[in-house]
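J.: Quick one: this structure, given as structure tokens, is what I'll be asking you about.
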Amino acid sequence: MSDFIPNPAPQPTSYLDEQFWAHCANGVLAFQCCSDCETWRHFPRFMCAKCGSDQWEWRESSGRGEIYTWTICYMPMSREFETIFPYAVLVVEMEEGVRITAGLRDLAFEELAINLPVEVTFEPLADGGRLPFFRPRSD
59 MSDFIPNPAP QPTSYLDEQF WAHCANGVLA FQCCSDCETW RHFPRFMCAK CGSDQWEWRE
119 SSGRGEIYTW TICYMPMSRE FETIFPYAVL VVEMEEGVRI TAGLRDLAFE ELAINLPVEV
179 TFEPLADGGR LPFFRPRSD
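Going by my numbering, the first residue of the sequence shown is number 59, and it counts up by one from there.
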């Protein structure tokens, strides 16, 4: 098996999406944070949903969270996924309060549980980028 994930690379649809994926390519999980009210947000957007401010910055996440929910995919969505199914897709609630969807690593599906502590890990894509996944916390 290759050292690269066979999945297709993300296709950013905006400048903000590009910034998110650029952080990931560098092995950093970063989210926007409002400079006025300190509210973290994901997906990236230009204005804060809490206070309406257009002042924000990218901040590095702790990379730690808990499983909020998940699903197991038994059918591939594209040719790139045919060699890796079934696979789990998680929704992780991060310590910063945002939720992110990503794949699972280093845990059997049968061991998944709501509120299971997890941490981010990155895996390389063939194009040089990286995708975030989550695995059980090591602490």
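Ideal Cβ placement from N, Cα and C applies to all residues, glycine included.
Give a yes or no on contact between the stretch 124-138 and the stretch 98-106, applying the rule of three or more CB pairs nearer than 8 Å.
T.: The answer is no - the stretch 98-106 does not touch the stretch 124-138, with fewer than three Cβ pairs under 8 Å.
J.: Express the C-alpha separation of E124 and V150 in angstroms, rounding to a whole number.
T.: Each residue's alpha carbon lies about 6 Å from the other.
J.: Quick one: using the 10 Å Cβ neighbour count with 16 as the cut-off for buried, is F191 buried or exposed?
T.: F191 is buried by the Cβ-count criterion.
J.: Bridge partners for M152 per DSSP, in chain order?
T.: For M152, which the question treats as bridged, DSSP gives the partners G123.
J.: Would you say G121 touches the ligand ADP, meaning its beta carbon is less than 8 Å from a heavy atom?
T.: In the structure on display, the ligand ADP does not appear, and there are no ligands present to speak of.
J.: Please classify Y73: does DSSP put it in a helix, a strand, or coil?
T.: Three-state result, Y73: helix.
J.: Taking M152 as the reference, give the member of A88, M105, S111 and G187 with the closest Cα.
T.: M152 has its Cα closest to that of A88, out of A88, M105, S111 and G187.
J.: Look at the Cβ atom of L162, then the Cβ atom of L148, and state whether they are nearer than 9 Å.
T.: For L162 and L148, yes; Cβs fall inside 9 Å.
J.: Answer yes or no: do V86 and R122 have a C-beta to C-beta separation smaller than 9 Å?
T.: Not closer than 9 Å, so no.
J.: DSSP on A166, reduced to helix/strand/coil?
T.: Here A166 sits in coil by DSSP.
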